[in-house]
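Structure first, commentary second.
Residue numbers (my numbering): -3 to 138.
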């Protein structure tokens, strides 16, 4: 029986791979937190489970609607630039979303900002996935 420890250690030993994997884990966590916060905010403002469900859908719908466009962006432009643009844009949208929620903006405005933030972040995941073969190096795809 052969062990996968060698190739896995080889991949994890590559600093560029570790940096991208760590950055993606942090980014994915940061993008998931607003889903809960948004649903709680909208429910607190409206008292409606329907609005809270819409808040969740608004954060998830862009991934379904725009993933193909995000993949195309990652193929047509340097992936590093796509990742940087997606994450910086998502961070800016999160700041606007935080400000809107802190000032008591109407739920419809908050949902529109949340949708825009999720939409700009969509290009990041396909760019990360497409970068893996290059980051893993020769023989690194176990």
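Each residue gets a CB set at the ideal place from its N, CA and C atoms; glycine is no exception. Please read these numbers as outputs of a predicted model, since none were measured by experiment.
(request) Indicate whether the contact test is met: 3 or more Cβ pairs, each with one atom in the segment 85 to 94 and one in the segment 50 to 66, closer than 8 Å. (result) Flag = no, the segment 85 to 94 and the segment 50 to 66 do not touch.
(request) Report the rounded CA-to-CA distance for residue 101 versus residue 16, giving the unit in angstroms. (result) For the purposes of this step, residue 101 is taken as residue 105 along the chain shown, with counting starting at 1. For the purposes of this step, residue 16 is taken as residue 20 along the chain shown, with counting starting at 1. Cα-Cα distance, rounded: 35 Å.
(message) Which residue marks the beginning of the alpha helix (DSSP H) containing residue 66, and which one marks its end?
(response) Here residue 66 refers to the residue found at position 70 of the chain shown. Judged by DSSP secondary structure, residue 66 falls within the alpha helix (DSSP H) whose first and last residues are 45 to 72.
(request) Would you tell me roughly how many angstroms separate the C-alpha atoms of residue 107 and residue 80, rounded to the nearest one? (result) Here the question's residue 107 lines up with position 111 in the chain shown. Here the question's residue 80 lines up with position 84 in the chain shown. Computed Cα separation, rounded: 24 Å.
(message) Can you tell me whether residue 102 is helix, strand or coil according to DSSP?
(response) Position 106 of the chain shown holds residue 102. DSSP places residue 102 in coil when its eight states are reduced to three.
(message) Buried or exposed, going by whether 16 or more other CB atoms sit within 10 Å of the CB of residue 144?
(response) Residue 144 lies beyond the stretch modelled for the chain, which goes from -3 to 138, so this question has no answer here.
(request) Flag this pair as yes or no: are the beta carbons of residue 78 and residue 52 separated by less than 8 Å? (result) The residue labelled residue 78 in the question sits at position 82 within the chain shown. The residue labelled residue 52 in the question sits at position 56 within the chain shown. No, Cβ-Cβ distance for residue 78 and residue 52 is not below 8 Å.
(message) Is residue 74 close to chain D? Criterion is C-beta to C-beta, closer than 8 Å.
(response) In the structure shown, chain D does not exist; there is a single protein chain.
(message) Whole angstroms are fine: how far does the CA of residue 121 sit from the CA of residue 114?
(response) Within the chain shown, numbered from 1, the residue matching residue 114 stands at position 118. Within the chain shown, numbered from 1, the residue matching residue 121 stands at position 125. Their Cα atoms are separated by approximately 12 Å.
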